[in-house]
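With numbering that gives the first Met the number 0, the residue at position 238 of the sequence shown is 237, and numbering never jumps.
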Amino acid sequence: MSIAEASRRVAGELRRMLLEYYGEAYYSTVIGEGVSGDETRRIDIAAEEYAVDLFRGSGLNLWVVSEERGVYRLREKPDYIILLDPLDGSLNYAMQIPFSSISIVAYNASETIPLIHEAVYGIVQSVFSDVRVEYVDGKALLNGRVFEKRVERRRIPVVSAYLNNTGELEALRRALADPAGGLKLRIMGSASLEASLSSLGLIDYFVSLTGRLRNIDVALAIALAVKLDSGILVYPPLEELRVDDVKVIRKLIIGPREGMPLSLGEGFQGGQLSY
């Protein structure tokens with residue numbers, strides 16, 4: 000079984016499990032915190048353990064890095080490292096808002112730990128629809144359709160934004176709004192899917208300034224953005240974002256190369272604009 004086949008299988012089985020448990024109050028209960036400090040619900044642990052067990056049964060030599068319990072070393076010397084977010088959008092899931100996703104991104108393991116944009120395979124699968132974004136054989140795909148380049152930006156940009164305060168919202172408006180029509184703001188609660196769609200250009204900009212993103216959330220989006228030559232502003236910079244543990248991403252902006260909001264990136268403290 001290849002790493003792509005194993006990852007697709009895990010995503011499909013995990014999606015079926017999440018749909019089966021959807022709406023059950025027991026699984027929505029907060030029971031603690033994950034390794035990055037976010038709230039952990041029963042469904043988060045159940046999904047993570049189920050996915051890890053599926054990978055364990057794949058026969059592949061793996062380490063799995065996930066948000067609740069960190070690193071699962073399934074073999075002493077792995078061939079692959081997996082960044083796993085088994086349920087991105089668990090608050091939506093618990094509140095029965097049908098917008099959540101599953102993210103699985105694979106890297107070749109070697110003596111040099113891979114960086115976040117050096118994926119060999121990745122999938123973000125919507126839980127509640129058939130939308131599937133993939134990176135496979137060096138290609139970016141949406142539901143099997145290959146994207147050779149990023150979709151061109153709209154005159155009135157659609158922006159997915161996660162911000163701390165109204166001051167950042169006003170700065171975002173000044174940086175991105177079209178003089179005639181403003182901008183269209185969307186906050187949907189599943190960064191894995193939103194950021195990946197932004198890397199394809201289907202959402203013009205993905206902006207997160209909250210300091211709460213993790214590498215497991217946006218690994219596929221970053222790999223796709225590099226592949227499709229999108230603009231990326233990120234802190235910590237790409238060369239510091241290893242995949243051998245859960246890492247916090249303080250700031251991330253993905254968008255078209257022409258029209259990146261550099262004014263929003265002034266405080267990135269060494270963050271990188273990838274061209």
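All C-beta atoms in this analysis are idealised placements derived from N, C-alpha and C, irrespective of residue type, glycine included. Predicted model only: the values in this text are computed from it and were never measured.
* Asked: Expressed to the nearest angstrom, what Euclidean distance is found between the alpha-carbon atoms of I81 and S109?
  -> Position 82 of the sequence shown holds residue 81. Position 110 of the sequence shown holds residue 109. C-alpha separation (whole angstroms): 13 angstroms.
* Residue range of the alpha helix (DSSP H) that includes R15 -> Start at 1 with the first residue of the sequence shown, and residue 15 comes out as number 16. Run containing R15: 2–20, per the alpha helix (DSSP H) assignment.
* To do: Mind reading off the beta-carbon distance from S90 to L240? Whole number of angstroms is fine, and I expect it under 8 angstroms.
  => For this step, residue 90 is matched to residue 91 along the sequence shown. For this step, residue 240 is matched to residue 241 along the sequence shown. Sequence check: residue 90 is Leu here, not Ser. Actually they are not in contact, since the Cβ atoms of L90 and L240 sit about 25 angstroms apart, beyond 8 angstroms.
* Asked: Bridge partners of E133, per DSSP?
  -> Working through the sequence shown from its first residue, we reach residue 133 at position 134. Per DSSP, I122, L140.
* Alpha-carbon spacing of I155 relative to N142, whole angstroms -> What you label residue 155 is simply residue 156 of the sequence shown in a count that begins at 1. What you label residue 142 is simply residue 143 of the sequence shown in a count that begins at 1. N142 has its alpha-carbon roughly 26 angstroms from the corresponding atom of I155.
* Integer-rounded CB distance, given that V233 should sit under 8 angstroms from G210 -> Position 211 of the sequence shown, counted from the start, is the residue given in the question as residue 210. Position 234 of the sequence shown, counted from the start, is the residue given in the question as residue 233. Not quite, the Cβ-Cβ distance comes to about 12 angstroms (not below 8 angstroms), so this is no contact.
* Beta-carbon gap between A220 and Q124 smaller than 9 angstroms -> Counting from 1 along the sequence shown, the entry for residue 220 is found at position 221. Counting from 1 along the sequence shown, the entry for residue 124 is found at position 125. Contact check for A220 against Q124 fails: the beta carbons are separated by 9 angstroms or more.
* To do: Indicate the three-state DSSP secondary structure (helix, strand or coil) for R55 in the structure shown.
  => Residue mapping note: residue 55 aligns to position 56 of the sequence shown, counting from 1. For R55, the three-state secondary structure derived from DSSP is helix.
* So, using beta-carbon positions, are D228 and R149 closer together than 9 angstroms? -> Taking the first residue of the sequence shown as position 1, residue 228 is located at position 229. Taking the first residue of the sequence shown as position 1, residue 149 is located at position 150. Yes; because the gap between Cβ atoms is below 9 angstroms, this pair is in contact.
* **Entirely enclosed beta strand (DSSP E) segments - the segment 186–228, minimum 3 residues** => Qualifying beta strand (DSSP E) stretches, in chain order: 204–207.
* Would you list the one or two residues that DSSP bridges to E38? => As a working note, residue 38 is residue 39 in the sequence shown. Looking at the DSSP assignment, E38 forms a beta bridge with E32.
* **Proximity winner among A5, R68, E66, Q95, relative to Y26 (alpha-carbon distances)** => Translated into positions along the sequence shown, residue 26 becomes position 27. Answer by Cα proximity: Q95.
* **Cross-strand partners of D43 (DSSP beta bridge)** => Counted from its first residue, the sequence shown places residue 43 at position 44. D43 pairs with nothing; no bridge assigned.
* Based on the DSSP output, what are the partners of I253 in its beta bridges? -> For the purposes of this step, residue 253 is taken as residue 254 along the sequence shown, with counting starting at 1. Bridge partners of I253: F205, I231.
* **Three-state secondary structure assigned by DSSP to S128** => Taking the first residue of the sequence shown as 1, we reach residue 128 at position 129. Residue state, collapsed to three classes: coil.
* Would you mind sorting L61 into buried or exposed? The rule is 16 or more other CB atoms within 10 Å of its CB. => Residue mapping note: residue 61 aligns to position 62 of the sequence shown, counting from 1. Buried.
* For G181: DSSP bridge partner residues -> Reading the sequence shown from its first residue, position 182 is the one you call residue 181. Paired residue(s): D177.
* List the DSSP bridge partners of I155. => Residue 155 sits at position 156 when you count from the first residue of the sequence shown. Per DSSP, I155 has no beta-bridge partner at all.
* **Endpoints, alpha helix (DSSP H) assigned at N107** => Within the sequence shown, residue 107 is the residue found at index 108, counting from 1. N107 -> not in any alpha helix (DSSP H); beta strand (DSSP E) instead, spanning 100–107.
* To do: State the Cα-Cα distance for the pair A3 and K138, rounded to the nearest angstrom.
  => If you number the sequence shown from 1, residue 3 lands on position 4. If you number the sequence shown from 1, residue 138 lands on position 139. In this structure, the straight-line span from the alpha carbon of A3 to that of K138 is close to 13 angstroms.
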